[in-house]
Every structure is written in structure tokens, then in C-alpha cells.
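Asks: Each step along the sequence shown adds one to the number in numbering that gives the first Met the number 0, with nothing skipped, and position 422 is 421.
All residues carry an ideal CB built from backbone N, CA and C; glycine is no exception.
Attaching a single structure in C-alpha cells format; questions to follow.
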Amino acid sequence: MLLEAIYHRPKQNWAYAYDCKTIHVRIRTKKNDVERAAVYFVDKFDCEGGISRADIVPMTCLYQDELFDYWQAEVVPPFRRLAYAIKLESGTEHVWMTERGFQEEDPVPAHRWFEYPFLNPADIFTPPTWVKDAVFYQIFPERFANGDKSNDPEGVLPWGGEPKPDNYFGGDLQGVIDHLDHLEKLGITAIYFTPIFEATTNHKYDTKNYMQVDPHFGSNEKLKELVESCHSRGIRVLLDAVFNHSGYAFEPYRDVLEKGEQSAYKDWFHVRQFPLEVVDGIPTFDTFAFTPMMPKLNTENPEVKKYLLEVARYWIEEVGIDGWRLDVANEVDHQFWREFRQTVKAVNPDAYILGEMFHEGMMWLQGDQFDAVMNYPFTYAMHDFFAEEKVDGLQFSQAIQHQLASYPQQANEVMFNLLDSHDTTRLLTLCGGDKRKMKLAALFQLTFLGTPCIYYGDEVGLDGGHDPGCRKCMEWDETKQDQDLLSFYQGAIALRHANAALRTGSFRFVHALESDRVIAYERADEDGHWLFVLNASEETRTVNVAAFDGCEGHWTDVTLISGESNCDGVQGSSTGLQVEVEGMSWRILKLER
Numbered sequence: 000m001l002l003e004a005i006y007h008r009p010k011q012n013w014a015y016a017y018d019c020k021t022i023h024v025r026i027r028t029k030k031n032d033v034e035r036a037a038v039y040f041v042d043k044f045d046c047e048g049g050i051s052r053a054d055i056v057p058m059t060c061l062y063q064d065e066l067f068d069y070w071q072a073e074v075v076p077p078f079r080r081l082a083y084a085i086k087l088e089s090g091t092e093h094v095w096m097t098e099r100g101f102q103e104e105d106p107v108p109a110h111r112w113f114e115y116p117f118l119n120p121a122d123i124f125t126p127p128t129w130v131k132d133a134v135f136y137q138i139f140p141e142r143f144a145n146g147d148k149s150n151d152p153e154g155v156l157p158w159g160g161e162p163k164p165d166n167y168f169g170g171d172l173q174g175v176i177d178h179l180d181h182l183e184k185l186g187i188t189a190i191y192f193t194p195i196f197e198a199t200t201n202h203k204y205d206t207k208n209y210m211q212v213d214p215h216f217g218s219n220e221k222l223k224e225l226v227e228s229c230h231s232r233g234i235r236v237l238l239d240a241v242f243n244h245s246g247y248a249f250e251p252y253r254d255v256l257e258k259g260e261q262s263a264y265k266d267w268f269h270v271r272q273f274p275l276e277v278v279d280g281i282p283t284f285d286t287f288a289f290t291p292m293m294p295k296l297n298t299e300n301p302e303v304k305k306y307l308l309e310v311a312r313y314w315i316e317e318v319g320i321d322g323w324r325l326d327v328a329n330e331v332d333h334q335f336w337r338e339f340r341q342t343v344k345a346v347n348p349d350a351y352i353l354g355e356m357f358h359e360g361m362m363w364l365q366g367d368q369f370d371a372v373m374n375y376p377f378t379y380a381m382h383d384f385f386a387e388e389k390v391d392g393l394q395f396s397q398a399i400q401h402q403l404a405s406y407p408q409q410a411n412e413v414m415f416n417l418l419d420s421h422d423t424t425r426l427l428t429l430c431g432g433d434k435r436k437m438k439l440a441a442l443f444q445l446t447f448l449g450t451p452c453i454y455y456g457d458e459v460g461l462d463g464g465h466d467p468g469c470r471k472c473m474e475w476d477e478t479k480q481d482q483d484l485l486s487f488y489q490g491a492i493a494l495r496h497a498n499a500a501l502r503t504g505s506f507r508f509v510h511a512l513e514s515d516r517v518i519a520y521e522r523a524d525e526d527g528h529w530l531f532v533l534n535a536s537e538e539t540r541t542v543n544v545a546a547f548d549g550c551e552g553h554w555t556d557v558t559l560i561s562g563e564s565n566c567d568g569v570q571g572s573s574t575g576l577q578v579e580v581e582g583m584s585w586r587i588l589k590l591e592r
């Protein structure tokens, strides 16, 4: 065994409380290097005898990426605390891992093993349970629907024109209210809105007034009406909090711009040098990127902190929103987010706190800051395999499993899984206009672990390049909507809603090969066992899926539209099962019970 590849620490995603009774213990080993692994544990205050008295929990090889295997055991200590050692075996070889390192002989004494001191309920990372069942829909308000022409900005253009960074088409909150039927029929149960507070741009990421809905979108009262209308349909509402930076028109910033070092607000921002100006393309103050229109807020300043936390509390209490999406979340200090979480959860313990992040976010997902992050590593893996064909099935499965191994299970269960957004090229465009690719990607997204989010218009075939192309007007003319694609989305979402295994069940790849574009994966719980076989190649394929636990029996075909199929299904045996799948298509199979 390659000891240098083995990794474990008694913290973060390697040893954590999953619930009030269960501790998950994980270890990483070289790929295909270890045959068996087990956790040996004792109570840390009753450890005399060490190994001879230890309880043993076998570990399962849960995930596998390009280089490593990731093993996990679910340990239930009688008194919520434990000392533990991990035994790894390969053939006749074995090694123990404890806090002191590696050894071949039985490790004694137990007080030098790894230790999980105590499972305190307050320390358990517990995201809102409703998020596991949610299907999100992202709305860019200025481009969704114009429901009230009386609040249109000056120079508003006819709906459906070419989107540009600085033009307007009149989208507003009334427009969203007018089209909630569409979202309800689609199966949407939560909406994430990009910023709606008063600002000077069409995207509103340059906040002028955090306590006022932008007048071109409506009013505070209109927002409350929208939230109440959504709630009456079982739809939750997430707003966008831009707390990393304000806009150029934010009053405290205007005061500093005018008064310089004499301003009472000078410490609200990160000023390196007065006056505030741009020298050789670089502002003399910190900003978002190098954008002088977006000065970075000093969230370590007590007055700034008090103001922003009041904003977070106010919109939950006064309007009843169900959580916050946090812009540029990884550039704000951790202590602010800890206090933000305490403030938000004190008002609504069920609120969902979602951080924008384009990379791995474990530092923010330990129960003291966010509930989830926008899972862009998932997005990129989906683009690479389904849309752009840059990787094969094996590489795709390894990328997905690497992400799953990066987080605690409860974080994976509510991870915000998106295929595109206002910051990316639209999915259909990435797919080269091939909606078969788009359907395969969306089917995986909607049957995968975590919380899927659909970017407005994807369901009717909206395309578009990177910003501003991805922010075009929603198409409301049904004769111009892709009705076939819409039916597909409705069917896939309905399938997810109707079957708990597709939301909260276990996930496992059972077929993914090098130089191959067919993947198969299972979702399972005590009430249902599902197999999805996705063929992302042009040829009809007969796929030999190797045997896996629970594969024996008759698997019935399920369709997205009617739920029934004329196919004969597939018979699973102790040697596996054989599935024929047409090119650029899929088979959905459910085990008969």
C-alpha cells in the first residue's frame, strides 16, 4: 500500500457529525490499492484493552476519482464520543492508521488513537430539510417579463431585442407575478432572484439602497405581494445579497467621495489612498475586481456590519423571504458570515444561505456560515462531458465523485447544482444548439444528489453567449417556445418530485469507462431502486453493466411523460445486466418489488 497517498484527519469532511447519533469517518487511499478498510472504535473514557474491546465498522469505498479511493463508515457511538483507529488491508498486507501515524502491529494504547471528543447537537451542520426536495428557478428580473409599463426605465426597448450591458426592456416584479402559473406547471418550488434593490444598472449588482426595491422593478409592497403569491403556490423565494461591495451611488460612498478623509464613512470602505480616484487603471480603493463603480465594503467595521445584518434580518421579517444568495461570498471575511448566519437563523431557522463560489467551498460549509454554495465545479464537469465532449464517461464520473468526496454528506444533499446562469454561456449554446445534449445534461442534473436550479428560459430553448448574451428576454410567445423541450423538463421534474430516491437516496456510478460516452448510475432508498443509462454518443449501444448490490431482478422502463413504457424492461442477474440504448438518448429503469 502506498502510505503517502493515505489521508485522514478527525475534522471537516473527514470526520463529522451527520446527525445527533451518527459520525461519518472517511479516509483517502491510492486508487485500487486497498481491498478492505474498517474503523475500530471505543469510548475514549473506557478504552482499556484497545483493539480487543473495540467495536468494528466496515468502511465502504464510496467514491473514486482519477487518483484516489474515498472510504466511509457510519459510526454510532453509545455515548456520543469515541477514540478510533482505521485498519487498511490489501491481500495479506495490512496497516493501522492512528493519530501517531502508521504501524503494522495492533495500536495501543487507545488514548493515542484519533479522537472525536463529543457529538454536540449545536455543532451539527444542519441545512434546511426543504432544500433537499426543492427545484430552483433563477430569474434575472429585468429580462423575465414586463408586467407594469408604468415603471419602465427611460429609453426602454421593445421586448425581445438584443441584450447589451446597459440597455433595458422593462422586466419587473409584476411580470413575475403574472407568470407564476408557468413556473407552477413546470414544477418549480423555489426561485432565486438576482438583485432587486435600488441600483443604477440593469443587473443591480451596484446597490444604491439596500432597503428599497428598485422603482423600475416595483416597490417593497409589490415584493411582499410577490412573496405571498409564491408561498401560496408552494414556491420559496431567495434574494441576492450584495454585501461584498456597494454601488457608486450608495450614500455612504458618495459621502466619502465628496468629503474624503473627513467623511464619517471613510472606514466603511477599504481606502488605500485619498482622494478616491483611478490611477493607471487601478482604483485607490478596493473594489469588486477593478471596477470603480463597485467599492468594496469593510465588513469588519462594526457600523457596516450592523447595517448589513439589519438588511439581512429586515427582508426576512418584513417580507418573508426564505433565504439569501450571497454575491462574491468568498471575498467577505468569515467572521462576518458567522454573524450573518446567527442573525438569519435567529429570525428563520429554515432560511437557506447560499454562497456564490466558483471553486471548492469546504471552508464555508462547516455549519457556522453557509448551507451550500453554487456548485460551479459540477457545472464545469457537466459542460465538459455533455455539452463540449471534452472528457469521456470515466473522467466525468471521476470529476463528479471528487466533488462529492470534498464535502460532508449533508452539504451534498443541498448543494446548488446549476448548468448555467447569468454569469455563463447558456446551456443550449454550449451544446451547439443540440437539444439532445441539453436533455441528457438536464436529466442527469434532475436525477442527481443535491438541489437543481434551472436558469430562466432554458426550459423553452432560450440560447445566448456569455454576458450579455445569456441575459436576453424570456420568450413568452408559445409558438416560438420549444414545446418539446418544455414537456421534457416538466416530465423530468415531475419524476424527481414523485420519487424520494431521486432526491435523497444514495447515488453511485455503476458504469463509466475510458474512451466511452455512456454512463450508468443508480439512485436508491428503501422505497425505490432506479438505474439511469445515458448514451451521449451518436450510435445505439448495448451496455453491459457489471453486477452491483441489488441489481438482480426485473427492471421496468419508465418514461418521463406517461411514466409507462412499451419496452420489455431488463432482467438483472448475479453477473449484471445488459441495456440497449439509442444514440443521444437514455433508459430509465426501476427495479420491480
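Does the beta-carbon of Gln420 have 16 or more other beta-carbons within 10 angstroms, so that it is buried, or is it exposed?
Replies: Per the sequence shown, residue 420 should be read as Ser rather than Gln. It counts as buried.
Asks: Report the three-state DSSP secondary structure of Thr679 (helix, strand or coil).
Replies: Nothing about residue 679 can be reported from this structure: the residues present for the chain run from 0 to 592 only.
Asks: Are any of the Cβ atoms in chain B nearer than 7 Å to that of Asp105?
Replies: As a matter of chain content, chain B is missing from the structure shown, which is built from one protein chain.
Asks: Evaluate Pro57 with the Cβ neighbour count: other Cβ atoms within 10 Å of its Cβ, from every protein chain shown; 16 or more gives buried, anything less gives exposed.
Replies: Pro57 is exposed by the Cβ-count criterion.
Asks: Provide the residue span of the alpha helix (DSSP H) that contains Asn219, from first to last.
Replies: Element bounds for Asn219: 219-231.
Asks: Let me know the secondary structure DSSP gives Lys29 once reduced to three states.
Replies: Strand, per DSSP.
Asks: Throw me the rounded Cβ distance for the Phe384 and Ala535 pair, which I believe falls under 8 Å.
Replies: Right, the Cβ-Cβ distance comes to about 7 Å (below 8 Å), so this counts as a contact.
Asks: In this structure, what does DSSP give as the bridge partners for Asn208?
Replies: Bridge partners of Asn208: Glu197.
Asks: Could you check whether the segment 348-356 touches the segment 365-374, counting it as contact only if at least three pairs of C-beta atoms, one from each stretch, sit closer than 8 Å?
Replies: Touching, yes.
Asks: List in chain order: all unbroken alpha helix (DSSP H) runs of 4+ residues lying wholly within the segment 228-287.
Replies: Counting only runs of 4 or more, we get 250-258.
Asks: Taking Cβ positions, are Phe40 and Tyr83 nearer each other than 7 Å?
Replies: Going by C-beta atoms, Phe40 is nearer than 7 Å to Tyr83.
Asks: Measuring alpha carbon to alpha carbon, tell me which of Thr539, Asp326, Ala523 ends up nearest Asp548.
Replies: It is Ala523 whose Cα lies nearest to the Cα of Asp548.
Asks: Taking 8 Å as the cut-off, does the segment 417-437 touch the segment 119-128 (at least 3 CB pairs, one atom from each stretch)?
Replies: Judged by Cβ distances under 8 Å, the segment 119-128 makes no contact with the segment 417-437, as fewer than three pairs qualify.
Asks: Any idea what DSSP makes of Met373, helix, strand or coil?
Replies: Note: Met373 maps to strand in three-state DSSP.
Asks: Please name the residue in Pro157, Thr503, Phe289, Arg8 whose C-alpha comes closest to that of Met414.
Replies: Nearest C-alpha to Met414: Thr503.
Asks: What is the C-beta distance between Gly170 and Phe143, in whole angstroms, given that I count them as a contact (C-beta under 8 Å)?
Replies: Sure, about 5 Å apart at Cβ, within 8 Å.
Asks: If we count Cβ pairs, one from each stretch, closer than 8 Å, do we get three or more for the segment 129-148 versus the segment 495-511?
Replies: Yes: at least three Cβ pairs fall under 8 Å.
Asks: Glu302 and Asn243: beta carbons closer than 7 Å?
Replies: Result no, Cβ atoms of Glu302 and Asn243 do not sit closer than 7 Å.
Asks: Quick one, are the C-beta atoms of Pro407 and Tyr15 less than 7 Å apart?
Replies: Result yes, Cβ atoms of Pro407 and Tyr15 sit closer than 7 Å.
Asks: Phe415 lies in the beta strand (DSSP E); which residues open and close that run?
Replies: Taken as a continuous stretch (DSSP letters only), the beta strand (DSSP E) holding Phe415 covers 415-417.
Asks: By how many angstroms is the C-alpha of Ser262 removed from the C-alpha of Asp254?
Replies: When rounded, the distance between both Cα atoms is 6 Å.
Asks: With respect to the alpha helix (DSSP H) encompassing Thr21, which residues constitute its N-terminal and C-terminal limits?
Replies: Thr21 -> no alpha helix (DSSP H), and no H or E assigned at all.
Asks: Here's the rule I'm using: 16 or more other beta-carbon atoms within 10 Å means buried, otherwise exposed. How should Leu66 be labelled?
Replies: Its Cβ having fewer than 16 others within 10 Å, Leu66 is exposed.
Asks: Could you name the residues that DSSP lists as bridge partners for Trp323?
Replies: The partner list for Trp323 (beta bridge, DSSP) reads Leu238, Ile352.
Asks: Can you give me the C-alpha to C-alpha distance between Asp476 and Val459, rounded to a whole angstrom?
Replies: So the two alpha carbons sit approximately 10 Å from each other.
Asks: Around the C-beta of Met362, are 16 or more other C-beta atoms found within 10 angstroms, so that it is buried, or is it exposed?
Replies: Under this definition Met362 is an exposed residue.
Asks: I need the straight-line Cα distance from Ser396 to Tyr306, nearest angstrom please.
Replies: Taking the straight line from one Cα to the other gives about 45 Å.
Asks: From Ala198 to Arg27, what does the alpha carbon distance come to, in whole angstroms?
Replies: The alpha-carbon atoms of Ala198 and Arg27 are separated by roughly 48 Å.
Asks: Using CA atoms only, rank isn't needed, just tell me which of Val38, Glu34, Asp32, Lys29 is closest to Ile22.
Replies: Minimum Cα distance to Ile22 is reached at Val38.
Asks: When the distance is taken between beta carbons, is Lys207 closer than 7 Å to Gly246?
Replies: Cβ atoms of Gly246 and Lys207: closer than 7 Å.
Asks: Tell me the residue span of the alpha helix (DSSP H) that contains Leu81.
Replies: Element bounds for Leu81: not the alpha helix (DSSP H) but the beta strand (DSSP E), 81-89.
Asks: Please list the terminal residues of the continuous alpha helix (DSSP H) segment that includes Tyr313.
Replies: 301-318 is the extent of the alpha helix (DSSP H) around Tyr313.
Asks: Counting C-beta neighbours from all protein chains within 10 Å, is the total for Gly174 16 or more, i.e. buried, or is it exposed?
Replies: It counts as buried.
Asks: Go ahead and pull the three-state DSSP assignment for Val331.
Replies: Reduced to three states, the DSSP call for Val331 is coil.
Asks: Report back the beta-carbon spacing between Ile234 and Ile176 to the nearest angstrom; my notes put them in contact at under 8 Å.
Replies: Not really, about 11 Å apart at Cβ, beyond 8 Å.
Asks: On the CB-based measure, 16 or more other CB atoms within 10 Å of its CB, does Leu512 come out buried or exposed?
Replies: Exposed, because fewer than 16 other Cβ atoms sit within 10 Å of the Cβ of Leu512.
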